[in-house]
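Have a look at the structure below, then the notes.
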Amino acid sequence: MFGYIKPLSGELKVREFELYKSFYCGLCATMGKKLSRLSRLTLSYDMVFLALVRTVLTGEHTEGKRFRCRLKPFKKKHCIAPNASLLYCACVSANLSYHKFKDDLSDSKSRLKKLRKISPLFLLLSHMRKKSRRYHPELEDLIVPPLEKLSGLEAQNCASIDEAASCFAGLMENIFSFGITEPDGLETAKTIGKNLGRWLYMADALDDFERDRKRGDYNPYVAYYKDKDSLIADMDLVKYVLTSNLSGMDEAFSLFCGAAGSCLNPIVFNIINLGLRHRQEQILTKFNPRRDHG
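Following this line, the structure appears as structure tokens:
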């Protein structure tokens, strides 16, 4: 489910795109400094979105700095200095990457899952997760219960797309809202997290429909529709549900921004209304390339 949450960069102003990249670099630097240098390999656009949203909702002050990236050392880059929001997102990234790796291997019917405990990647993710506990030990309580409930549904081959997606929605709601005390910000964080979690789970399952069907891996769409033709016949409803979640995020953030302006707002709106919708259309087109989903 990682890698879906990107802006449509061509629609961002130059200064907005530079600001977005500075958050990306800031999160990368924070992960390298607080967790491990190799933890940067798990950096995702999804966590940058989390950092942007939480920075807006908490009103946390950010400071920019120029630094020389080791991957591109010949030119200094702009970067957001490490702060509470970036550290939190780094810890979330470490925990989610660890649990995603475990889940992928558990779902796989390959013998590779037996090598999980000696896999170099698994050892790295375990190390990152352990270090993240120094800063945010509460993340286990936020992440594990929803994932365990979801694993139970997957083991039962649950055919309720809504029930399965609700588990991941609860997880994202926990992650987005943790530690936010201001009532309006807290409610907005919960709404964004819940809608994003549902959208991510359903979009990812839809994207993997054909692969999971062939492999025999769990997928709520496969469990419910059985074959691609049945799913295509219901595609208008599928699109409506996905779009409703994006609209819910947009409405919640718009209401909050009515009372709180931020230079980050256009970036967040771009991701919700353009980036995610563009990714959604790419997924839907896989089921009927000739059909206009716009």
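Position 166 of the sequence shown, counted from 1, bears residue number 166 in my numbering, the numbering being contiguous throughout.
From the three backbone atoms N, C-alpha and C, an ideal C-beta is built for every residue, glycine too.
In this text, all values refer to a predicted model and were calculated from it rather than measured experimentally.
Assigned exposure category for residue i - 16 Cβ within 10 Å defines buried
| i | result |
| --- | --- |
| N157 | exposed |
| G59 | exposed |
| R54 | buried |
| D292 | Confidence in D292 is poor, its pLDDT being 47 and thus under 50, which makes the residue's placement unreliable; the coordinate value appears in the next sentence. Classification for D292: exposed. |
| D141 | exposed |
| A280 | Here the sequence assigns Gln to residue 280, which means Ala is not the residue at that position. When all chains shown are included, Q280 counts as buried. |
| K6 | buried |
| A84 | exposed |
| A297 | A query on residue 297 cannot be resolved here, the shown segment of the chain reaching from 1 to 294 and no further. |
| E154 | buried |
7 Å Cβ shell around residue i - same chain, five flanking residues per side excluded
| i | result |
| --- | --- |
| V48 | F23, Y24 and L27 |
| L8 | N270, L274, G275 and H278 |
| P266 | E16 |
| C257 | N265 |
| H99 | I143 and L147 |
| F101 | L121, F122 and L125 |
Beta-carbon spacing of residue i, residue j below 8 Å
| i | j | result |
| --- | --- | --- |
| T30 | L121 | no |
| L196 | M249 | yes |
| Y135 | C91 | yes |
| R129 | N95 | yes |
| Y221 | I161 | yes |
| I283 | A169 | no |
| C167 | P183 | no |
| A252 | T188 | yes |
| S36 | K131 | yes |
| I348 | L255 | Residue 348 lies beyond the range of the chain shown here (1 to 294); nothing can be said about it. |
| V268 | V14 | no |
| T42 | S126 | no |
| Q212 | Y218 | Correcting the residue type first, residue 212 is Asp in the shown sequence and not Gln. Yes, the pair counts as a contact, with Cβ atoms nearer than the cut-off. |
| M172 | G193 | yes |
| L123 | L38 | no |
| L231 | W199 | no |
| L19 | C263 | yes |
DSSP three-state assignment for residue i, whether helix, strand or coil
| i | result |
| --- | --- |
| C263 | coil |
| Y221 | helix |
| I179 | Reading off the sequence, residue 179 comes out as Gly, not Ile. G179: coil per DSSP, three-state reduction. |
| G59 | coil |
| R40 | helix |
| I80 | strand |
| G10 | helix |
| K65 | strand |
| N174 | helix |
| G26 | helix |
| D204 | helix |
| I5 | coil |
| R111 | With a pLDDT of 49 at R111, under the threshold of 50, the modelled position of this residue cannot be trusted; read the value that follows with caution. It is helical. |
| P137 | coil |
| Q282 | helix |
| N95 | helix |
| F287 | coil |
| L274 | helix |
Neighbourhood of residue i by C-beta, 8 Å cutoff - its chain only, sequence neighbours within 5 removed
| i | result |
| --- | --- |
| E138 | F178 |
| E11 | N270 and L274 |
| C79 | S22, C25, G26, A29, G64, K65, R66 and F67 |
| L50 | C89, V92, I175 and F176 |
Own chain, CB closer than 6 Å to residue i, minus 5 neighbours either side, in chain order
| i | result |
| --- | --- |
| A81 | E63 and K65 |
| A295 | No answer is possible for residue 295: the residues shown for the chain start at 1 and end at 294. |
| R111 | For R111, the pLDDT reaches just 49, beneath the cut-off of 50, and the residue's location in the model is therefore unreliable, leaving the point undetermined. |
| H61 | none |
| G185 | L57 |
Residue i beta carbon near the ligand FAD (any heavy atom closer than 7 Å)
| i | result |
| --- | --- |
| E140 | In terms of ligand content, the structure shown is empty, and the ligand FAD therefore cannot be addressed. |
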